[in-house]
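Report on the following structure.
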Amino acid sequence: MALWGSAILASQSSSFTQLSAFSGSPKEARGQFVQDGRLYAEDTAINYLGEAYTGFYRAEYPTTSSALSFFLDDYSGALLESLKLDQELVTLSVAAAGSKYADILALSTRQAYGGIELVVPNDSRDTGEVLAFIKELSSNGNINTIDVIMPAFPIYYVMDPDYIRLLLEPVMRYLAADRWHLP
-17 MALWGSAILA SQSSSFTQLS AFSGSPKEAR GQFVQDGRLY AEDTAINYLG EAYTGFYRAE
43 YPTTSSALSF FLDDYSGALL ESLKLDQELV TLSVAAAGSK YADILALSTR QAYGGIELVV
103 PNDSRDTGEV LAFIKELSSN GNINTIDVIM PAFPIYYVMD PDYIRLLLEP VMRYLAADRW
163 HLP
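Have a look at this one:
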């Protein structure tokens, strides 16, 4: 579990709002997040090649409070948009290969995008300088490894080809910095 950032617990006011806190094992905490939607925020997402980067959303919503306000106010719209995307994926994949394929595609699409963090330079928050980093699960903390990026190319190519460039840009910058010394 990360040792930096801030744990956030937020909700819109209503007659049934009940906020609570939880601490425990990472497995339990992740389970609670999935069940209850708890959020974790960090000011600096990554220090890449000596430069601090923050989450892309901070270019538009520089404070956690402004991001939360937008998220909570836009929940219905975001939910409708995500349900529409889910339905489009189901329709296309069932037509291509049947319902079992649709289930696999729904899961793999979430996995392909779920581990990505879009970032901008912390000092300028310039959205023209976006980079993308994808976490390699079950590793020693590596990010943007080609063995993870390449198999996901088809979904990025279909859904949003810019993600290919955004993920490869940090790799190319790292190679240009002459820091990779293995074959």
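Numbered per my numbering, the sequence shown spans residues -17 to 165. Built from N, CA and C at the ideal position, the CB exists for glycine as well. Since we're looking at a predicted model, the values are computed, not measured.
Based on Cα-Cα distance, which residue from the options lies nearest to residue i?
{"i": "TYR145", "options": "ASP129, TYR95 and PRO44", "result": "TYR95"}
{"i": "LEU100", "options": "PRO133, THR73, ILE28 and ASP85", "result": "ILE28"}
{"i": "ASP142", "options": "THR91, SER48, SER(-7) and TYR39", "result": "THR91"}
{"i": "LEU157", "options": "GLU24, SER(-5) and TYR30", "result": "TYR30"}
{"i": "SER47", "options": "LEU65, GLN69, GLY59 and GLU24", "result": "GLU24"}
{"i": "GLU151", "options": "ASN122, ILE116 and LEU164", "result": "ILE116"}
{"i": "ASP55", "options": "ARG155, GLY123, SER(-5) and SER81", "result": "SER(-5)"}
{"i": "GLY233", "options": "SER(-7), ALA134 and SER75", "result": "Given that the chain is displayed from residue -17 to residue 165, the structure contains no residue 233 and the question cannot be resolved."}
{"i": "SER(-7)", "options": "LEU50, ALA88, PRO8 and ILE86", "result": "LEU50"}
{"i": "ALA41", "options": "ARG147, ILE137, ALA114 and ARG107", "result": "ARG107"}
{"i": "TYR39", "options": "GLY13, THR109 and ILE128", "result": "THR109"}
{"i": "MET154", "options": "PRO136, LEU113 and ILE137", "result": "LEU113"}
Could you check what DSSP says for residue i in three-state terms: helix, strand or coil?
{"i": "LEU100", "result": "strand"}
{"i": "ILE(-10)", "result": "strand"}
{"i": "GLY110", "result": "helix"}
{"i": "ARG92", "result": "helix"}
{"i": "GLY123", "result": "coil"}
{"i": "TYR139", "result": "helix"}
{"i": "TYR43", "result": "coil"}
{"i": "ASP105", "result": "coil"}
{"i": "ASP52", "result": "The sequence shown places Phe at residue 52, not Asp. Note: PHE52 maps to helix in three-state DSSP."}
{"i": "GLU10", "result": "helix"}
{"i": "LEU87", "result": "helix"}
{"i": "PRO165", "result": "coil"}
Using a Cβ-Cβ cut-off of 6 Å (strictly less than) and excluding sequence neighbours within five positions of residue i, which residues of its own chain qualify?
{"i": "ILE131", "result": "LEU149"}
{"i": "SER(-3)", "result": "none"}
{"i": "MET(-17)", "result": "Since pLDDT at MET(-17) reaches only 47, below the 50 mark, its modelled position is unreliable, and no value is offered."}
Going by DSSP, what residues sit across from residue i in a beta bridge?
{"i": "ASN29", "result": "ALA34"}
{"i": "PHE115", "result": "GLU99"}
State the start and end residues of the unbroken alpha helix (DSSP H) segment that holds residue i.
{"i": "ALA158", "result": "144 to 158"}
{"i": "THR127", "result": "Neither: THR127 is in no alpha helix (DSSP H) and is coded neither H nor E."}
{"i": "TYR57", "result": "57 to 79"}
Using a Cβ-Cβ cut-off of 7 Å (strictly less than) and excluding sequence neighbours within five positions of residue i, which residues of its own chain qualify?
{"i": "PRO103", "result": "GLU33, TYR35 and GLU111"}
{"i": "GLU118", "result": "ASN124, ILE125, THR127 and VAL130"}
Please go through the same chain and pick out, in chain order, the residues whose beta-carbon is closer than 8 Å to the beta-carbon of residue i, but skip the five residues on each side of it.
{"i": "TYR139", "result": "ILE146"}
{"i": "SER121", "result": "THR127"}
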